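Asks: These protein sequence lines map, in sequence, to chains X and Y. Every position in the first sequence, counted from 1, becomes a number in our numbering once 1303 is added. Every position in the second sequence, counted from 1, becomes a number in our numbering once 1 is added.
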Amino acid sequence: MNEKITQKGYSIIAEANMLRWEVGENFHDALMESIYADAQKIADKAVVMLGAEKKFGFDQTLDKIVTSKWLGFPLMFLTLAVVFWITIEGSNVPSSMLAALLVDTFHPALKTFAVNVSLPWWLSGVLIDGAYLAMAWVVAVMLPPMAIFFPLFTLLEDFGYLPRVAFNMDGLYRKVGAHGKQALTMSMGFGCNAAGVISTRIIDSPRERIIAIITNNFSLCNGRWPTQILIATIFIGAAFPAYLAGIISALAVVGIALLGIFFSLVTSWGLSKTILKGEASVFSLELPPYRPPRILQTLYTSLIDRTIFVLWRAVVFALPAGVVIWLVANIHIGDLSLAQHFISWSNPFGLLLGLNGVILLAYIIAVPANEIVIPTILMLTVMTLGIVDVSAGTGVMFELESEMLTKEILVAGGWTTLTGISLMLFSLLHNPCSTTLYTIYKETGSIKWTTVSALLPIAIGFAVCFFVTQIWRLIA
Amino acid sequence: MRNTNHCQNCSAHNIGNLVKLGINMENFDYVIALAGNPNTGKSTVFNKLTGLRQHTGNWPGKTVARAEGGYIFSEKRYKIVDLPGTYSLLSTSSDEEVARNFILFGQPDVTVIVADATRLERNLNLVLQILEITNRAVLCLNLIDEADRNNIKVDERILSKELGIPVVPTAARQGTGMDMLLNFIHQVATGKYVCKPHRITADFPAVKNAVNRLSKKISETYLNLPNARWIALRLLEGDQRVIDAVRNNELQDLVSERSFPKDPSDGKEQNLNISDVLEPVV
């Protein structure tokens, strides 16, 4: 029976192949035309427009402005800058309160408790100085900026602004030989690169899709925004008078985000001229209507979907990372700990890039999640260089405002403004986190493209940091 | 069931019987597919029915994979699949492939097509294509509040008559019309409402003969196939996925599943192998 059916199937295909000559080349177009004709007929019967000329008046006016040739890009930068400025100004106070609570109060209390129940020193070290402290840093440093930034960003998304950004960017992407829809996947990457990589499924041509996947990492993701905001505040904003500090920091972060878009374009161009040659395909991009954002629902979803999600991910990865950090800082070979061995070995190389050994080690430990880079750097600095004895809970420094405290630790670790700038650049231009890499592997099914996606940004990052550092040293 | 009074047949009563099951989809009686153009509110409808909080966003292409959830309505368990938004079912990007393969090979009991009331004509292009594939569908005419604001009036009764399927005006963000939607899904799923879907008028002379010959041959081979003409059209266009489906007997399997009427009362889970159908296409 089945065999018979199979045979019949083959004869159906054979007949279709034959008849295809009969229906001619225009068959597809004719079919589409009849679909459109039917759709129009039905719509004409069922839809009544009252006062049609007023239709979408507001939408169209707004679209003319935000996607205009001259105002489109400046408005985009301005919007981003305002969002960051609010985030930076708003997160100062809660950040220092959280640090006071989690680091100044709970940490010494936990240590005292550990002594009272006579926990072995190594266990209290691993659990309290490692895992707990890493988690406390993550919460104190990252929660406030996230709780402000994500709702603002979600409001913009809900309002319908992101497709306009894509619309503005579309022409640029086509010029570099990539798919215009890459502008959308890039916008998606501003949330999370793994999500951005999955969203490249909307691109039909495999060539353009791989370009979009490789370059998605140049969109600053959730995990990296807080790093940028923090470092910009303490190393760039602080160099200016207080009333300018917030605005300058915000502009610095916008600058990094734009640099990311720039590298995404340049890399796409490079790829489409070399290993992924081809012409850009055409598509139509639909601008959805503006919708009044639902404030409460947005607050709720951005809190659950983004803030809590990212924070949870950070905490989950911070706990084992804290243990690893404590271990590499406390397992000694000879006179030096493992961390000190690596740091002094990699320091000269790091300095060439304007970075240092601590940062390089932190990026290795933080491969699972970009969210924990800053806490890792802080803990490594504190633990390996013995600047301040956090484990004893002396707490003198912790009475300072948290951002100033962060800065003091870093300055004591030998950081300069150049280190801050280089870190911001390297945070933009380095390998994607392990989740994103795994997603890339799943989506492309290719070790080769996964490797390219991992190594290409690092190579660019090293090159950019190197040149910036050399030029900086020439000038300064 | 003895005390059938008017209240219990009323949709306002039934909405009270909606049990949102979140991701619990065990032992479902019916499978519902949620299809439509991008950015028409499919995910919002999905969230309203399942109680899940799938992230929604005001931009096209937000859902690229599919999401699944469940609910109970009128004592039947429904599994609902949120498909990626697409403008057509003809071209070849992987999100369109996901949507089309599910409607064709996943054999949903009802396909709910979510359309944007403010852009009805363009949305109808996809609606008509879906109606070529399946004959059990409900049109969810969403964003009716936005249409009102923009002075667009859609007569859902005319639309329903033209399309041959139930049409429900909704404003999913506010939850308006969800009770009607649930009711119509239920009626189509249980066979109380029999759709007579509109079919595209494709009788240009050169093609008519070829399509008729081929679709006749197809329906003779696969009895009970609801969309022989669409398969014929796809074969004539040289659609590789459909050619493969004919070659490896997938179509025959569809027909044999269909020829046994589903009996939900035996509680047996249907062997749909949705994951096979929807394996992401790279």
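In this text, a Cβ means the ideal position worked out from N, Cα and C, and glycines have one as well. Note that this is a predicted model, so its numbers are computed, not measured.
#1: I'd like to know whether the C-beta atoms of G1653/X and I1662/X end up nearer to each other than 8 Å.
#2: On the criterion of 16 or more Cβ atoms from any shown chain inside 10 Å, does V1693/X qualify as buried, or is it exposed?
#3: Classify R1776/X: buried if its beta carbon has 16 or more other beta carbons within 10 angstroms, exposed otherwise.
#4: Starting from N143/Y, follow the beta strand (DSSP E) in both directions and report where the run begins and ends.
#5: Between Q1600/X and T45/Y, what straight-line distance do the alpha-carbon atoms span, to the nearest angstrom?
#6: Residue range of the beta strand (DSSP E) that L35/Y falls in?
#7: Tell me which residue opens and which closes the alpha helix (DSSP H) that Y1464/X is part of.
#8: For D133/Y, which option in I33/Y, I201/Y, I114/Y has the closest C-alpha, if you only look at C-alpha atoms?
#9: Counting contacts by CB-CB distance shorter than 8 Å, is A36/Y in contact with chain X?
#10: Output the distance between the C-alpha atoms of A1695/X and L1459/X, rounded to the nearest integer angstrom.
#11: In whole angstroms, what is the alpha-carbon distance linking I1724/X and A36/Y?
#12: Could you tell me the distance, in whole angstroms, from the CA atom of I1677/X to the CA atom of P1466/X?
#13: Following the continuous alpha helix (DSSP H) through V1500/X, name the residue where it begins and the one where it ends.
#14: Would you call the region 1443-1454 of chain X and the region 1466-1477 of chain X touching, i.e. three or more CB-CB distances under 8 Å?
#15: Does the beta carbon of F1330/X come closer than 8 Å to any beta carbon on chain Y?
#16: At a CB-CB cut-off below 7 Å, which residues of chain Y make contact with V1326/X?
#17: From this set, I33/Y, I166/Y, N152/Y, which residue's C-alpha is nearest T112/Y's C-alpha?
#18: At the 8 Å Cβ level, is I1750/X part of the contact set with chain Y, yes or no?
#19: With H, G and I counted as helix, E and B as strand and the rest as coil, what does DSSP make of F1376/X?
#20: Going along the chain, which residues of its own chain have a beta-carbon closer than 6 Å to the beta-carbon of V1386/X, five neighbours each way excluded?
#21: Could you name the residues of the same chain whose beta carbon sits closer than 8 Å to that of I1778/X, not counting the 5 residues immediately before and after it, in chain order?
#22: Can you list the alpha helix (DSSP H) stretches of 4 or more residues lying completely in the region 1607-1641 of chain X, in chain order?
#23: Under 8 Å between C-beta atoms, does A1317/X make it to chain Y?
#24: Whole angstroms is fine: what's the gap from G1660/X's alpha carbon to M1727/X's?
#25: If I measure Cβ to Cβ from M1491/X and keep anything under 7 Å in the same chain, skipping five residues before and after, which residues do I get?
#26: Under 8 Å Cβ-Cβ, which residues of chain X neighbour R214/Y?
#27: Apart from the five residues just before and just after N1329/X, which ones in its own chain have a Cβ nearer than 7 Å to its Cβ?
#28: Can you look up T1772/X in the DSSP assignment and give me helix, strand or coil?
#29: Measuring straight from C-alpha to C-alpha, what distance separates H1733/X and G52/Y?
#30: Report the residue ranges of all beta strand (DSSP E) runs contained in full by the region 103-188 of chain Y; include only those spanning at least 3 residues, in chain order.
#31: For a cutoff of 8 Å on Cβ pairs, would you count E76/Y as touching chain X?
#32: If you drop the 5 nearest sequence neighbours on each side, which residues of the same chain put their C-beta closer than 8 Å to that of I1506/X?
#33: Answer with buried or exposed for N1520/X, where buried requires no fewer than 16 other C-beta atoms within 10 angstroms of its C-beta.
#34: Whose Cβ in chain Y lies nearer than 7 Å to the Cβ of Q1343/X?
#35: Can you find the residues in the same chain that come closer than 6 Å, C-beta to C-beta, to P1448/X, ignoring five residues on each side of it along the sequence?
#36: Under 8 Å, Cβ to Cβ, is there at least one residue of chain X near D110/Y?
Replies: From the atom records:
#1: yes
#2: Since pLDDT at V1693/X reaches only 45, below the 50 mark, its modelled position is unreliable, and the value read off the structure follows with that caveat. Buried.
#3: exposed
#4: 138-143
#5: 12 Å
#6: 31-37
#7: 1464-1478
#8: Per the sequence presented here, residue 133/Y reads as Glu, with Asp not at that position. For E133/Y, the nearest C-alpha among the options comes from I201/Y.
#9: no
#10: Note that A1695/X scores 39 on pLDDT, short of 50, meaning its location in the model is unreliable; the coordinates nonetheless yield the value given after this. So the alpha carbons of these two residues sit roughly 45 Å apart.
#11: 47 Å
#12: 32 Å
#13: 1496-1502
#14: no
#15: yes
#16: A207, V208, A211, L237
#17: I33/Y
#18: no
#19: helix
#20: L1455
#21: none
#22: 1612-1633
#23: no
#24: 16 Å
#25: A1498, G1499, S1502
#26: E1318, L1322
#27: none
#28: helix
#29: 39 Å
#30: 111-117, 138-143, 153-155, 168-170
#31: no
#32: H1482, K1484, Q1485, T1488, R1512, A1515
#33: buried
#34: E122
#35: T1390, S1394, P1529, I1532
#36: no
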